[in-house]
Amino acid sequence: MPPPCKAWPNRFPLRKGFQQPGLAVEQMAAHIPGMDQKTPRDILAEQAHLPRFEYTLASDVPGIAVAQEPEGADEPRLMALNATLAEVLGFDAGALDETALAAFFSGAQLPDTVSPVALAYAGHQFGNFVPRLGDGRAHLLGEVVDVNGTRRDVQLKGSGRTVFSRGGDGRAAVGPVLREYIISEAMHALGIPTTRSLAAVATGERIFRERLLPGAVLTRVASSHLRTGSFQYFAARGDKPATKQLADHAIARHYPEIAGSENPYLELVRSVGRAQASLVAKWMHAGFVHGVMNTDNSSISGETIDYGPCAFMDRHSANTVFSSIDRQERYAYGNQPPIAQWNLARLAETLIPLIHDDPDKAVDMATDAVGEFASVYKAEWLSGMRSKLGLYSERDEDFKLATDLLATMEEGGADHTLTFRHLSDWLRGEREPLRSLFIDPTRLDSWAERWQARLLQEALVEDRADRMERTNPLYIPRNHKVEEALAAAEGGDMVPFEKIMAVLAKPYEAAVGFDDYATPPAGGADDYVTFCGT
Ligand code: AMP
Ligand code: MG
Numbered sequence: 109m110p111p112p113c114k115a116w117p118n119r120f121p122l123r124k125g126f127q128q129p130g131l132a133v134e135q136m137a138a139h140i141p142g143m144d145q146k147t148p149r150d151i152l153a154e155q156a157h158l159p160r161f162e163y164t165l166a167s168d169v170p171g172i173a174v175a176q177e178p179e180g181a182d183e184p185r186l187m188a189l190n191a192t193l194a195e196v197l198g199f200d201a202g203a204l205d206e207t208a209l210a211a212f213f214s215g216a217q218l219p220d221t222v223s224p225v226a227l228a229y230a231g232h233q234f235g236n237f238v239p240r241l242g243d244g245r246a247h248l249l250g251e252v253v254d255v256n257g258t259r260r261d262v263q264l265k266g267s268g269r270t271v272f273s274r275g276g277d278g279r280a281a282v283g284p285v286l287r288e289y290i291i292s293e294a295m296h297a298l299g300i301p302t303t304r305s306l307a308a309v310a311t312g313e314r315i316f317r318e319r320l321l322p323g324a325v326l327t328r329v330a331s332s333h334l335r336t337g338s339f340q341y342f343a344a345r346g347d348k349p350a351t352k353q354l355a356d357h358a359i360a361r362h363y364p365e366i367a368g369s370e371n372p373y374l375e376l377v378r379s380v381g382r383a384q385a386s387l388v389a390k391w392m393h394a395g396f397v398h399g400v401m402n403t404d405n406s407s408i409s410g411e412t413i414d415y416g417p418c419a420f421m422d423r424h425s426a427n428t429v430f431s432s433i434d435r436q437e438r439y440a441y442g443n444q445p446p447i448a449q450w451n452l453a454r455l456a457e458t459l460i461p462l463i464h465d466d467p468d469k470a471v472d473m474a475t476d477a478v479g480e481f482a483s484v485y486k487a488e489w490l491s492g493m494r495s496k497l498g499l500y501s502e503r504d505e506d507f508k509l510a511t512d513l514l515a516t517m518e519e520g521g522a523d524h525t526l527t528f529r530h531l532s533d534w535l536r537g538e539r540e541p542l543r544s545l546f547i548d549p550t551r552l553d554s555w556a557e558r559w560q561a562r563l564l565q566e567a568l569v570e571d572r573a574d575r576m577e578r579t580n581p582l583y584i585p586r587n588h589k590v591e592e593a594l595a596a597a598e599g600g601d602m603v604p605f606e607k608i609m610a611v612l613a614k615p616y617e618a619a620v621g622f623d624d625y626a627t628p629p630a631g632g633a634d635d636y637v638t639f640c641g642t
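Numbered according to this note's numbering, the sequence shown terminates at residue 642, and the numbering increases by one at each position without gaps.
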C-alpha cells in the first residue's frame, strides 16, 4: 500500500503576481494528506505508474478498431498479478495498491490516457465462414512497447459487451479466466510461443452460464491480436485497400525482414506458415490440444491464442479431443498440423489480390507457398523430436524411430509427458519408471534397443540424460490439478492456484513435495471434457 502521498515536494514554486493565483494552491492541495482524496483513477492517472498506451493498428488500419468502453465491475478484486510481466511492460505495480490494480485490470477505472477499442475480425468456425465475429467480450487497452523494445497488445477479456457481442453477455467466469492464466503461463515456461496473462480480477458479479458463476476479467498480453480472421474480415468485404493496410501493418510488426522483398504479401504467407508450423510442432511435442483452431483463433504472429477448451493429454493418443463442442473431432491432437495448414490456405486466399494482378498466377503462387507448410512442419517436428530423444546428429532413420515410439505409446496406453521424461532414467540404468507406463512393455523394449543402437552411433554425450530433461518437462498443467485449483479459487481459496503456478513456472526441474503434479490422476482421466467457457 503506497502512502497517500509519495513525493512531498520541498518547494512550492509560487508565481509572481495574481495572473494565475490558483496554481500554487492546487499544487499544495494535491499533496496535503487528508485533502488528498485520491481515487484509484487519480492514482492511475499518475502516468509514472503505467506504461504509455499507443494505437498504431487503429491508425494504420482505420476500419479495424471501434472505440468501446469496458462495462466495469462493482467490486473488482485482484486474484492474480504477473509481477514479472508487469515490470517488463513498464507497469510500476509496486506503487499501486490492490484496489487501484483491480480497478484498472477490470476496466472499471481507466485513466484518460487509455482509449480502449474492440477489434473486428471474421473467421471460419469449425469450417464454416462467419463474416463478422470481432471482440465480443474483449477490450484492447492499447499497445505498449516493453522494456525490450517489443510492441505488445494489452487486452481485457470478459470486460463487457461491445458492438461485436451478438447474443453474448460480454463476460467471462472465474474458472475459464484462471484456466487461461494457468495454461498460458505454463506454455510460456515450456518455451512455447503464447499470449501471456498479466492479471486476473474477480468482478464480484455473477454471470449466467449453465448456472450462476462468479465473473472475472483476464488481462491478456499478445505480440498482437491479429488473426487469420482479421484478414478474412476485410477480404470478405472485397476491401483490398484495408487488406493491404492490414498486411503492411502485420509485416512491419511481425516480419519486418520481408518488407523489402520482391513480393512481401507472398512472403507473408510463407512467414506466417513457418511461424505456425513451428508452433504446432511444439504443441505436438508437449501433447497440447488447442481444441478450437478456428481461423479467428489463429494468430498471425505464431503465438498460441485463445485458451478455451484446450488441454494437455495424459495418455498419448492421436485422436485425443477434450472439447465438448468438437463432436466431429476436427481439432483432435493428431489433426492439428493439417488444420494449421488449412487455416494458412484461408490466410493466403485473402492476400490473392495483393500477390499478383493476374488472379490465376496469384493462386498458383499462393498455393505453392501454402504447400511449403508440410515440409517446414515436418522438419520442425523432427528436430524437436531428436532433442526429446537425446539425438544430436541427424540420420534418415530418425523419423521412423520417433514415429514408432509414438505408435508404441499409443498402443501401450503410455503417458505422453512421462514417457519422454523417463527416457533419461532409462539412460541412467533405471528402466522400470518408463516400462511401468506401458500396459505391455515388450514393444517398448524392442523400440528401446533400436534407440540405444542409434545413440551408439553418436559421439558420447556426457550429460545426455540431463540435457534431455531440459527438453522433456516433468510438469505440465495436469487437467485434474488445474481443475482442483479452479474449484478452490471459485470458493475464494487461491492457495492451490499459487501452488500450481509455482510448479509450472519451472516445468523441467523436479520440485520436492510436488510429486502429485507430475502424474496423471490415479484412476486415469480418459473422459476429461472441456468447455469453451463462453
Ligand atoms: P471464441 O470461441 O472464444 O474464440 O469466441 C468466438 C467469438 O465469440 C468471438 O467473436 C468472441 O468475442 C465471441 N464471444 C465469446 N464469448 C462471448 C461472450 N460471453 N459474449 C460476447 N461475445 C462472446
Ligand atoms: Mg477466439
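Cβ atoms here follow ideal geometry from the backbone N, Cα and C, with glycine treated the same way.
Residue closest to residue i, alpha-carbon to alpha-carbon, out of the options
i      : options                        : result
Ala448 : Lys486, Ser425, Pro461         : Lys486
Leu186 : Ser167, Ala203, Ala210         : Ala210
Asn427 : Glu437, Phe420, Ile433         : Glu437
Ser273 : Asp243, Gln263, Met602         : Asp243
Leu218 : His157, Leu165, Leu545, Ala343 : His157
Gly537 : His393, Thr516, Phe199, Gln560 : Gln560
Ala246 : Asp277, Gly198, Gly257, Lys469 : Asp277
Pro417 : His424, Ser407, Val400, Asp404 : Val400
Arg335 : Lys508, Gly498, Thr207, Leu227 : Leu227
Ser495 : Leu320, His393, Thr627, Ile463 : His393
Arg575 : Ile172, Gly171, Tyr500, His524 : Tyr500
Phe237 : Ala343, Gly323, Arg328, Asp200 : Ala343
Ile315 : Arg279, His464, Ala350, Ala201 : Arg279
Glu505 : Arg558, Asp422, Ala593, Leu189 : Arg558
Phe213 : Arg240, Phe546, Glu183         : Glu183
Asp465 : Leu165, Lys348, Glu540, Gly202 : Lys348
Cβ separation of residue i and residue j, assumed to be a contact under 8 Å, to the nearest whole Å
i      : j      : result
Tyr477 : Val388 : Tyr is not the amino acid found at residue 477; the sequence shown has Ala there. Not a contact, Cβ separation roughly 17 Å.
Leu326 : Tyr363 : Their Cβ separation, rounded to whole angstroms, is 28 Å, which puts Leu326 and Tyr363 out of contact at 8 Å.
Ala510 : Leu531 : With 8 Å as the limit, Ala510 and Leu531 do not qualify as a contact, their Cβ atoms being about 12 Å apart.
Trp646 : Leu526 : Any question about residue 646 goes unanswered here, given that the chain covers just 109 to 642.
Ile64  : Pro585 : Nothing in the structure corresponds to residue 64, since the chain is present only between 109 and 642.
Thr270 : Gln176 : 5 Å
Tyr229 : Asp404 : 5 Å
Asn402 : His524 : Contact flag wrong, Cβ pair sits at about 25 Å.
Ala181 : Gly312 : 6 Å
Leu462 : Ala355 : 6 Å
Residue environment, residue i, which counts as buried when at least 16 other CB atoms sit within 10 Å
i      : result
Pro224 : buried
Asn451 : buried
Pro129 : Below a pLDDT of 50, predicted positions are generally treated as unreliable, and Pro129, at 31, falls in that range; no measurement from the model is reported.
Gly275 : exposed
Ile359 : buried
Ala310 : buried
Gly631 : exposed
Leu568 : exposed
Leu545 : buried
Asp550 : It should be noted that the sequence gives Thr, not Asp, for residue 550. With fewer than 16 Cβ atoms within 10 Å of its Cβ, Thr550 is classed as exposed.
Close Cβ partners of residue i (< 6 Å) along its chain, the five nearest in sequence each way excluded
i      : result
Glu179 : Gly268
Ala596 : Pro604
His398 : Cys418
Leu197 : Pro159, Val252, Asp254
Tyr625 : Tyr583, Lys589, Val611
Thr638 : Pro417, Ala419, Phe430, Ser431
Gln127 : Caution is warranted here: a pLDDT of 33 is assigned to Gln127, below 50, making its placement in the model unreliable, and the coordinate value is therefore given only provisionally. Cβ within range, chain order: n/a, list empty.
Gly125 : No answer about Gly125 holds up, because its pLDDT of 34 lies below 50 and its placement is not dependable.
Ala294 : Pro585, Leu612
Pro628 : Asp422, Asp523
Cβ neighbours of residue i in the same chain (closer than 8 Å, five flanking residues each side left out)
i      : result
Phe161 : Thr221, Val222, Ser223, Leu249, Gly250, Glu251, Val252, Val262
Ala440 : Val397, Ala426, Asn427, Thr428, Val429, Asp434
Glu646 : With the chain running from 109 to 642 in the structure shown, residue 646 is simply not present.
Leu321 : Ala281, Val282, Gly283, Arg314, Ile315, Glu598
Neighbourhood of residue i by C-beta, 7 Å cutoff - its chain only, sequence neighbours within 5 removed
i      : result
Glu480 : Arg378, Gly381
Arg361 : Arg259, Ser332
Leu298 : Ala394, Pro581, Pro615
Tyr636 : Ala419, Phe430, Asn587
Met109 : In this predicted model, Met109 has a pLDDT of only 28, less than 50, meaning its place in the structure is not dependable enough to derive any value.
Ala350 : Val169, Gly171, Phe342
Does the stretch 614–632 come into contact with the stretch 442–459, if we say contact requires no fewer than three beta-carbon pairs (one atom in each stretch) closer than 8 Å?
no
Would you call the stretch 438–447 and the stretch 388–398 in contact, with 3 or more CB pairs under 8 Å?
yes
Are there three or more Cβ pairs, one per stretch, closer than 8 Å when the stretch 363–374 is compared with the stretch 420–435?
no
Stretch pair the stretch 304–320 + the stretch 186–203: three plus CB contacts closer than 8 Å:
yes
Is the stretch 406–414 touching the stretch 506–521, taking contact as three or more C-beta pairs under 8 Å?
no
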